[in-house]
Every structure is written in C-alpha cells, then in structure tokens.
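If you read the sequences in order, they're chains E and Y.
Going by this note's numbering, the first residue of the first sequence is number 1, and it counts up by one from there.
Going by this note's numbering, the first residue of the second sequence is number 417, and it counts up by one from there.
Below is one structure, written out as structure tokens; comments come after it.
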Amino acid sequence: MLLAFKHTLKRMIAAALLFAAASVASAASAPRAEVMHWWTSGGESAAVRTLADAYRAAGGIWLDTAIAGSEQARAVAMSRIAGGDPPTAALFNASRQFRELIDAGLLNNVDAVAERDHWAQFLPPSILEAVRINGHYYAAPVSIHMPTWLWYSRSAFRKAGIAAEPRDFTELFAALDKLKAAGLIPLAHGGQAWQDNIVFRAVLANQGGADLYLRVLRDRDPRAIASSEFRGVLLTFKRLHSYVDAGSPGRNWNDATTLLITGRAGVQIMGDWVKAEFATARQQAGRDYGCIPGFGAHSPYIVQGDAFVFPKSSDPQALRAQQLLAGVITSPTAQLAFSSRKGSIPIRGDIDSRTLDACAQLGVAIMKDRTRQLGNDESYLTPDQNGAMADVLTDYWNRDRDVAAVQRNIAAALRD
Amino acid sequence: MIKRTLNPAHFALLPMAFAAVAVYLGSMLWTLRISMSSSRSLPLHDFVGLAQYQRLFTNERWLHSLHNLAIYTPLFIVACLCVGFLLALLVDRQASGGGVLRAVFLYPYALSFIATGLIWQWLLNPELGIQQAAHEWGFGGFRFDWLVDPERVIYTLVIATVWQCAGLVMAILLAGLRGIDADILRAARLDGVPAWRIQVSIVVPMLAYSFATATLLLLTAAVKLYDAVIAMTQGGPGTASEVPAKFIMDHLFGRANIALASAGATVMVLTAVALLAPLFYARHRARRANR
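Here it is as structure tokens:
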C-alpha cells in the first residue's frame, strides 16, 4: 500500500512538473501586453474586461494597469515612456496628446496591422487624422464618444408639460422656462471647467455651425473669434447659466445625471458616457430618458476618440504583443462588445450595430454622413491652448464679464 | 572651544547630506533650467531666457492665484495661531481629560484632507449642507453659500484648513506651555497680576520660539496649499479659488507645459525664501544674543 502511495506521489510530481514546464513554455510564447488605461468606474472596467477577454482568446496575456483619472494615467504613461520603462500599450485621446512622443521617436507604428485590416477604409476622417501621422499609424483607435449630447428626463418633461423634444435653441429655452416654472432644476450642470467647456462646445457646434466651430478651434482665426456670430454663441452659452441651481459649482457630472434619473432636473448637456449611469439605475433610452445629438437634420457630430499608442521597444515579444493588440481591439466583435458596455460607438462603420442602444444607433447613423463629423477640441488644440481657453470660459460662465473682453481673452489664449 | 574634526558621526550623516544636496538642490536647479527652456510635455534643453516668466506674469489665472494666496496666507496663519493657542490653554487647564482633548484636536491633522475636504464640501454646499439644514429647521432666510460665491469662496478654504491645522499649532504651543516654570506664574499671581495679563505679558513672550516654529510650518503649508482646493472647489467657481500650486500641477501634467510650470515653481520657491529669510535671520540674531 505504501508502495502504491509512493508510486502515485511520483506520478503526481511528474505531472506537476510537466504542467509547470508547459505553462512556462506557453508564457514564453504567448505575447504579454501590459496595458495602461484610466477606465476605472464600474461600467468602464466592465468594458475594458471585454478587450482583455478578446486579447486572451487570441492567445495573449493581458496585464491590466488601470490608473484613476485620465490626466494622471497619461502623466504616468508619459514619465514611464520618457524614463525608458514603457508599458506595452497606453491609452490616450485620439488627439495631439501623443504628437510629441512621435516627434521624439518614442512610439512604434502598427502599419502592418493597419494595412492588413484596411483601417483607412473604415476609420472616420478625424480619427484617421489623429492616428496616422506622416503616413504611419501610431495608435489603434478603440472608441468614439460624442461629448455634446443633450439628455433629458422624460418624467421631468411630463411634469413641466413639455410635449415635444426641443429642435432649436428657442425651443430649448422655452422648455427650460417651463421646467423652471414647474419648480424643477432646468439644467443639471456640474460646475467644473471641463463641463462648462462641453456646454460651450454644444452651443458653438449647434448655433455657430460646423464652419464657425472649425474657424475658431482648428484655424484659431482671430476674425472668427471677434465676429458677431461668435459673440452670439457666447451670449447663448451665458444665458444657459441662468438655468442652473445654486448647488451646481463643483458638482461631478454623474451627480448631475442623478438629478435627471430622479426626475429633479430636466436637461443635461454631456457626453454619451452618461448612458452608463442611466443603465446602472436601470433606465432605458426612449422610455425613461431622451437623447438629442444636436439641433437640425445636419447638426454636427463631435468625434472624441480614445486610442492606444505603442511605446518603442526592441523586445521582439513586446512587438508581437503590440501587433496582436492593435488587431484585436479594432476587430468587429471586440468593438461591439466594448461599445455596448462603454456607451461609446464603434470606431468602424462597417459592422452591424443593431445590438446597441437607441442613442448609440442614432450616433452610428449620423456618423455615416462624413460631412457631419467634427473633431474634438483636443484634436485641433494643444492641451495648453485648450486649458487656457477653458480658464477664460469657466470664468465667464461664473462671473459677470464683458463679452467683448471674453472674445479678446479667447483670442489671446489661442494665439500661442 | 569646539574642535573641527571629522568623527564617525559626520560619516553617518553623509548619506543625508548627499540626499539634501543632490536631491533637493539638484531638482531645484533642474527646475530652474527647465523654466528657461521651451519644454512642453517632454523636457527640452534649449534656452529661451525669461520668456516663460514673461508669459507667467501676463497670465490672468496666475496673477489671480497669487492674489488669492495673498488673502489666504495671513488669515490662515493668524487664525491658526489664535485658535491653536486657545486650544492649548484649554488642554493645559484640564488636569484630567486633557489627553483626550489633545487627541481630538489633533485628529483633523492626522486625516487626509482629500477625505475631510469632501466632507467640508458637502457641509458648505448650499443645497446639501448647513444652509439646507437651517432651511429645514425653519430658518428660511438663512444664507451660507460662500462655497459657490466667487467673491467669498477663498474664506471657506481658510475655515476648513484652520480646522485642520489648529491642532498642530496646539500641540506645539502646549509643549511650550508645559516648559514654563510654574514658579514664575505663581509669583505673578502672588503679585496680584490679573490672569489675562499673565497670559499676554508673560506666557505669550515666553512662547516666542514655539510661535515662531508654528508660523514657519503654517507659512510653508500656506504656500503649498493644494489638496484642500482640489477636494473642496477644484479652483472654482470658475477660477475664483485658484492657487499657485494648482496652477503648477495643472500645467505640469494636464496641460503638458512643464516649462511654464517650472517657472511658476521657481517663483514660489523664491517667494517662500524671501518670506522665510527674515524669520530665520531674526531667530539667528536672538540665539546669538542669548549666548
């Protein structure tokens, strides 16, 4: 009996050794990717898990490095890349944020994958512009958000007696007046500089139109900034301030969304990431809340992309991981699974998006018309210019300022 | 007479000396160098002279940050010293229970302001906190909305940070109080000196060193004021409660302009040195006179 036991033990050890050897061998061959991102909230981490699963299914090993706060995450990525200890992939906004890294020769390109999968054919132009620099693909886009949706609570609209969705700014102000008269908070707004900026861009794109939007943000044209049209945009923006409540300053965007969910407020202007908040509260698009992408049949659609960049590495294993990652995250199945969790829309227009929610489908349909697509502010401005403009706007939003002075200050902020 | 020779104690201190020179002084010099370059998100080593400083002092937000700091610093230091001194007297008087009180007053200092600042934000929010509570208790006309008032928001930072730092001042002054010879106080009392006069004319002057130490610590805390702003206002409403440290951090990371941030940091170091140098000099003179 003892002998039999010894025998079994021997076999067990042998099996264990074999297993260990096999797993070491597979670890050596499976491409390991350390992926750095800032998706840490409930809905976001569920979304990033779909990417990790897809990457594992393709035979890779996913090491997750999540850092709360997009600025912090990018700062850590920057310093690790500059310090020579880069992750395999790092998340940035599809914008000018990583342009300096490219100029300094610190990023690998993924041209082979992009050409194999024909990225140029399905990527929207503004995203393509951000990831393809000097003919090389330096980032793999992963999602498209639209930052200036208008969300409204159906129950609040009912209470205030608003029958139809507002179709222009006149109707919007009429609806806001009705909400105010009904004792509700008309505009649920989080008074933080970046949220003020979103409201401003919603007005700029919808009242000013695509032409003025591009002349101000892309061309930084002083004449456009001094124009009476732009003055009108600033006045409408400021007029919206009279519809926020006293608790607005400093409020987080998701707390503002909660005001809509509980029916205490009528309207919020915010990106489509708020859908995750509605979903957590078990509310549905169309039934509990409505979404308006813009005013008019040709309203612009602002494209805010997220993309992974691939820091320079000479390790052949890291190179394989980067190539595999770029292919997996842009694949149709990964895109659908990710978008449904994240609230974004897929980066490619060539896939069946009928499984996504009503608002996302609306977005996908608008994206088909390329003339309606506009870049996000970050795709045209450096972080420094953008921040300087945000300072002027948030100051104007919160205080009594002369509009002409605001126009001058914006021109100065965008000058250098 | 002190013999100046190297002994083992000096060798033991060498690593510390190295850290002080290489790390602190080194990074200060590096910051100064970067502030004279045109660096954006990555450090560059070109030379643009004082262009960044020129840009800094035409930047409205930076000037407003300095203005805020100029309002905040004296209010914060004076309030902290007064409250801390009263707390120290209170704790000193309690024969029993003094230890408990001391712990209670020191707690705010031990907690991270990122957490307690959020609670202050809730308390001061007109629709969640004190004002709302007063309305619910029937005081409909009560107004306390400084947090969302661009003209007054800086005072809410004073209130919250005094709450945090007064305990530290208390601990320092209490140590000083305990060091005062009880016989002196007894003699004064025997002479019929009134109690308030004993405090003002005897105790406070004898605590001069403790007050100087506390002021030094408070001054450095004021100059690097950052976490309270992040937790309570994020610089808002608008840019009403912006402070220099937040300007520097924003430009260092989010705005990817490390040259401008370094220029700001250099200005802050110079300001701190300019403020602290007279204090150190006075202490040095006092010590010499005592010898």
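Virtual Cβ for every residue (Gly too), placed ideally from N, Cα, C.
Same chain only: Cβ atoms within 6 Å of E:Gly286, ignoring 5 sequence neighbours per side: Ala358
Examine the Cβ distances between the region 339-352 of chain E and the region 32-48 of chain E and report whether three or more of them are shorter than 8 Å. yes
Using a C-beta to C-beta distance shorter than 9 Å, which residues of chain E count as neighbours of Y:Pro524? None at all; the shortest Cβ gap to chain E is about 21 Å.
Cutoff 7 Å; reference E:Val131; Cβ partners in own chain excluding five residues on either side: Ala94, Tyr137, Tyr138, Ala139, Pro141, Ala307
Can you tell me which of the three DSSP states E:Pro249 falls into? strand
Quick check for students: name the residue ranges of the alpha helix (DSSP H) that lie wholly in the region 500-557 of chain Y, counting only runs of 4 or more. 514-526, 529-540, 546-552
Contact residues within the region 537-557 of chain Y, judged by C-beta distance below 8 Å to chain E: Gln537, Asn541, Pro542, Glu543, Leu544
Expected contact under 8 Å - CB spacing of Y:Leu563 and Y:Thr649 to nearest Å: 7 Å
Grab the span of the beta strand (DSSP E) containing E:Met270 for me, first residue to last. 265-270
Let me know the secondary structure DSSP gives E:Tyr289 once reduced to three states. strand
With DSSP collapsed to three states, give me the class of Y:Asp561. coil
Pull up the distance between the alpha-carbon of E:Ile102 and that of E:Asp350, whole angstroms please. 29 Å
In the structure shown, what three-state DSSP assignment does E:Gln283 receive? coil
For the region 182-198 of chain E, which residues have a CB atom closer than 9 Å to at least one CB atom of chain Y, in sequence order? Gly191, Gln192, Ala193, Asp196
Along the chain, where does the beta strand (DSSP E) that runs through E:Asp306 open and close? 301-309
At the 8 Å Cβ level, is Y:Leu458 part of the contact set with chain E, yes or no? yes
Distance CB(E:Met78)-CB(E:Pro293) smaller than 8 Å: no
Using the C-alpha atoms, what's the distance from Y:Thr636 back to Y:Val689? 10 Å
Taking the CB atoms as reference points, tell me whether E:Pro125 and E:Gln373 lie closer together than 8 Å. yes
Inter-residue spacing [alpha-carbon to alpha-carbon] between E:Ser26 and E:Glu277: With a pLDDT of 49 at E:Ser26, under the threshold of 50, the modelled position of that residue is not reliable, and the figure given next carries that caveat. Cα to Cα, E:Ser26 sits roughly 40 Å from E:Glu277.
Tell whether a beta-carbon distance below 8 Å holds between Y:Phe501 and Y:Leu601. no
For the candidate residues E:Ile329, E:Ala174, E:Ile261, E:His118, whose alpha-carbon lies nearest to that of E:Trp62? E:Ile329
My output table needs one value for Y:Gln470: the three-state DSSP class, helix, strand or coil. helix
Determine the direct distance from the alpha carbon of E:Ala73 to that of E:Phe338, and round the result to whole angstroms. 20 Å
Identify each residue in the region 571-595 of chain Y for which the Cβ-Cβ distance to at least one residue of chain E is less than 9 Å, and report them in chain order. none
I need the DSSP call for E:His241, collapsed to helix, strand or coil. helix
Own chain residues within Cβ distance below 7 Å of Y:Pro699, not counting five before or after: A small correction: the amino acid at residue 699 of chain Y is Arg; Pro does not occupy that position in the sequence shown. Ala628, listed in sequence order.
For E:Asp272, which of E:Glu100, E:Ser143, E:His241 has the nearest alpha-carbon? E:Ser143
Would you kindly work out how many angstroms separate the C-alpha atoms of Y:Glu567 and Y:Leu534, rounded to a whole number? 21 Å
When you compare the CB of E:Asp306 with every CB in chain Y, is at least one pair closer than 8 Å? no
Run down chain Y in chain order and give the residues with a C-beta less than 7 Å from the C-beta of E:Met36. The contacting residues do not exist; E:Met36 stays about 15 Å from chain Y at best.
Does the Cβ-Cβ distance between E:Gln192 and Y:Gly652 come in under 8 Å? yes
E:Ala112 beta carbon less than 8 Å from that of E:Ala334: no
Quick check on E:Ala411 - is its C-beta less than 8 Å from some C-beta in chain Y? no
Start-end ranges of the alpha helix (DSSP H) lying completely within the region 51-95 of chain E, minimum 4 residues: 70-82
Minimum Cβ-Cβ distance from E:Asp245 to chain Y less than 8 Å: yes
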